[in-house]
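Taking it in order: structure first as structure tokens, then the write-up.
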Amino acid sequence: MHQEVNRLREQAQLTVATNARMQAEQIERTIGHLDYIMQSLQFQWQENNGRLNLEKQMEAGLVPKAAQISVTVFGPDGMPVTTTSPQVKSSKGIASRDYFKTHAANPSTALAISKLMRNILIEGDVIILSRRLNAPDGSFAGVMVVAIDPVFLAAFVNEINFGEGDFISLRSADGGFLISKTKKGIQSKVPNLLERRPPETPSGMLYRSADQYRDNKARIIAWNTAASYPMMAVVGVGEDSLQAEYQPRRWQILLFAASGTLVLLAVAVVGTRRAFVKASQRQYKHEVNEAYRIATESANDGFYMLRPLYGENSDITDFLIEDCNERGAGYKGLSREALIGKTVTEAISKSAQARVRGFLLNAMKTGFFEEEIQVTQRHSGTLHWLYMRIVRSSAGLAVTLRDITESKSHENALVRMANADSVTSLPNRHWLMNHLPGAVDHARSTGTILSVLFVDLDDFKNINDTLGHAAGDELLKAVAMRLKGVIRPEDKIARLGGDEFTIIVESAQTRNDVLALAERVVKTLASPFAMKDGTCPQLVQASVGVSLYPDDGTDPETLLKQADMAMYAAKARGKGMYCFFEPHMERHLVMQLTRLTELKLGIGRGELVLHYQPRVRGDTGEITSMEALVRWNHPERGMIPPVEFIPMAEKTGLIVPLGEEVIRMVCMQLARWKEEGLPVVPISVNVAAQQIDAGTVSAILASALTGNGLDAGLIEVEITESATIAEDGQAVTELQAIQKTGVKLYVDDFGTGYSCLAQLKRLDMDGLKIDRAFTSQMLNSPADAALFEAIVSMAHALDMRVVAEGVETAEQLAALQTLSCDEVQGYYISRPVPAAQAKGLLEKRYLFPEADLVA
């Protein structure tokens, strides 16, 4: 009897340990998929300067639609910005929550997982996954939150087979209770276990006495911690369940012992040989019963009892199905009676025989085997996922099958979402980085050519800046459709993010095959794209970089890097072209990276220098303002003009800290001139669209003005037309915040973008600076002069001042005076000069020669 109890206990220990590991792996997969979706959305949020529409993402099936999951982006004030949950009320926020305060104070963007908490936005308890969102300058911009109903995490557990006292619970790694599932269902309020101390090891098993639980039931428990996340699965089997299973067996054993004398007498009468036969039959029946008990411990699952069949050399040749339940037979589309007595070879398809035989032989050898398998139902043809568990007994094998189709469906849905681009529905970067290693291995083993094409849309940013992000997304979808139309069936295409796509060309026969595809890509994207809103067709070309395996690299990272470098080389040669990687490109990239690093250090080391170019009244030449123009005084290369480093700064996001430094330098210079008693005039600073999108300019201005004791009227901000296009969102909010400080706003290089005067009036712009291209052409023809005059007249009608840029001749100045242009700027008046020479301009005040004055 003790042997029977020990065997049951050993079996229970094996079960809880296996289930704990399985549940921990399920947590790892589920949280992992949700976390990747968060990271993907976080990347999109950053790429789109804080613009993200979760409602549209959900409609496209790219974020979970499950009722137990919601995704929300909260702004820096803790208020919801966009969400997948219609229940979230905009009047409520999370600023008071500890996890929000932690993210606001800690610059890390790592994933945080909360304990079970009450959701203050909607009714119910949730587990919160959250990540900090950073502005381009690293400041706190909000939090992305995934709220999970614990029922979702427990949905993968089937409690039908639980005994009294059995449970599976999820806890945080520090021991905090999250959710538990028992025979009675979900338990989320009060943990049954009295002890709150976390286990000392990531996994393990032990016996807990009855006094450690609220329900006074002893248990065998096992726990296992997820590999990457601070959550653990705890599985328990109640002592009562073991006792319930043991009692019937105990009475059978006692009855057998009590009748032992009669049995021995009968054996003596009949004879030794007959007794041996009967004893063997009883022993075999005992073994079958034992196997039957093991197989039926999960009565809601399909089960089979298999006996190995041996050949002449004592090798197992097949397995006989000695018993099964109706559910088990149903998996094969047969009745129980029809399946019992068949061999496994007879019962399964020929294609599956070798694989199943391997499973069974493995279990015979090791005593235990488990696997997830996909099967097709014989009559319906539908695919099902089954969890197979095989346990060896003395009579053969007990096989249990559990239908896990629903949980696999949840898991596969998360996998699809984690690998799909939210805009184009193409595979994304995550998918690419998982697929490419296998493609490289295949090319290596088959000796074929593998090529990576890096496709970057030329000047796509202008579409977003001028027509808006909705139009940009529409164009990206159209680009994806065209690219799919020119690749071969065996090729793969993915969107890396932004305006970048990657094409994987597998099993190419020659370099010319790749070249032909590159030509098709460039050609198909050269045709204009028609837009749904009826605006003019948009022309977006593509620069394509190509790398080849094995010539340019033998690993995925190198191939992507070389293709990226080749793409930049194509862009430098004129855009709308393709280029194969060449070794010298790597040296050029190293030089660019070195230059970028030097610029970062230079900003911090005070290597930026400001020159000042005056603006004067068009009629009198009196200085009215000066524009601050930045230079880089490199310690080795000397003075570097802005054309050599500003584009690089804009592309890399370095323009944000660079622009902030310029604002501080301008305010400090104004303060010094005031101390010297100079008649200072306002100084204008150029602010890029990225700085406006970052939403930090107004705060930097306010801080610099206050810190230097300056009036807001002494600073003016010049922005490009692209920064005036937005109808709403962060850009408009930031422009309004700048104006509230008292700083005037001017549109720089007017006429080179897509803005209109009505938009400028709506944004209440103070003035505009007409681009030098119009000034240089105004004397070419009456039409050019009329165009310039029309701009001046309309601007005046909207109460905006007009500044003509690029004035280089006396004839141009005279024409501008005739048109009543308010202010002029250009080399004819003064070139940009260092601060020391700018002092002289301030003291001189009137900068026109006498002949140019207008009475």
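Under this note's numbering, think of the first position of the sequence shown as 1009, with each following residue one higher.
For glycine and all other residues, C-beta sits at the position ideal for the given N, C-alpha and C.
Contact between Met-1634 and Pro-1649 does not hold, since their C-beta atoms are separated by about 18 Å, which reaches or exceeds 8 Å. According to the DSSP secondary-structure assignment, Lys-1189 is paired through a beta bridge with Ile-1176, Ile-1194.
Here Val-1693 really is in contact with Glu-1726; their C-beta atoms are around 7 Å apart, less than 8 Å. Membership of Asp-1411 in the beta strand (DSSP E) is indicated by the continuous run 1404-1411. Where Met-1634 is concerned, the enclosing beta strand (DSSP E) starts and stops at 1631-1642.
The alpha-carbon of Met-1575 is positioned some 6 Å away from that of Ser-1551.
The Cβ atoms of Glu-1172 and Lys-1191 sit closer than 8 Å to each other. Asp-1219 and Asn-1333 have their alpha carbons spaced roughly 39 Å apart. Cβ-Cβ distances below 7 Å link Glu-1742 to Ile-1700, Gly-1703, Val-1705, Ser-1706 in the same chain, with the five nearest sequence neighbours on each side left out; the list follows chain order.
Put simply, of Pro-1144, Asp-1145, Arg-1140, Ser-1122 the residue whose alpha carbon is nearest the alpha carbon of Val-1134 is Ser-1122. Take the alpha-carbon of Val-1664 and the one of Tyr-1395: they are about 54 Å apart.
Per the DSSP secondary-structure output, Glu-1379 pairs in a beta bridge with Met-1396.
Taking 8 Å as the cut-off, the Cβ atoms of Ala-1696 and Glu-1668 do not count as close.
Annotation: Gln-1382 to Gly-1310 spans about 15 Å, alpha carbon to alpha carbon.
Rounded to whole angstroms, the Cβ separation of Gly-1750 and Ala-1720 is 3 Å, and the two are in contact under 8 Å. By the criterion of a C-beta distance shorter than 7 Å, Asp-1411 is surrounded in its chain by His-1392, Leu-1394, once the five residues flanking it on both sides are discounted. Judged by DSSP in its simplified three-state form, Ala-1822 adopts helix.
For Gln-1546, the pairing in a beta bridge is given by DSSP as Phe-1537.
Between the alpha carbons of Gly-1058 and Pro-1497 lies a gap of roughly 36 Å. The straight-line gap separating the alpha-carbon atoms of Pro-1558 and Met-1489 is approximately 30 Å. The DSSP-derived three-state label of Glu-1527 is helix. Residue burial is scored here from C-beta neighbours: Pro-1210 has fewer than 16 other C-beta atoms within 10 angstroms and is therefore classed as exposed. Closest in C-alpha terms to Gly-1086, from the list Glu-1067, Ala-1843, Ala-1112, Ser-1078, comes Ala-1112. Lys-1500 has Ile-1512 as its beta-bridge partners, per DSSP. Judged by DSSP in its simplified three-state form, Arg-1809 adopts strand. Annotated three-state conformation of Ile-1102 is coil, per DSSP. Using a 10 angstroms sphere on the CB of Val-1598, the tally of other CB atoms stays under 16, which defines it as exposed. For Gln-1076, there is no enclosing beta strand (DSSP E), as DSSP marks it with neither H nor E. Non-local C-beta neighbours of Asp-1043 in its own chain, meaning closer than 6 Å and more than five positions away in sequence, comprise Leu-1119, ordered along the chain. Arg-1179 has its alpha-carbon roughly 42 Å from the corresponding atom of His-1450. In the DSSP assignment, Ala-1479 falls outside any beta strand (DSSP E) and lies within the alpha helix (DSSP H) extending over 1477-1494.
Where Gly-1336 is concerned, the enclosing alpha helix (DSSP H) starts and stops at 1334-1339.
In the structure shown, Pro-1622 adopts extended strand secondary structure according to DSSP, grouped into three states. Setting aside the 5 residues that flank it on each side, Gly-1184 is surrounded in the same chain by Lys-1123, each with a C-beta closer than 7 Å to its C-beta; the list follows chain order. A check of alpha carbon separations from Ile-1631 across Lys-1579, Gly-1212, Val-1689 identifies Val-1689 as the nearest. In this chain, the alpha helix (DSSP H) harbouring Thr-1714 covers 1705-1715.
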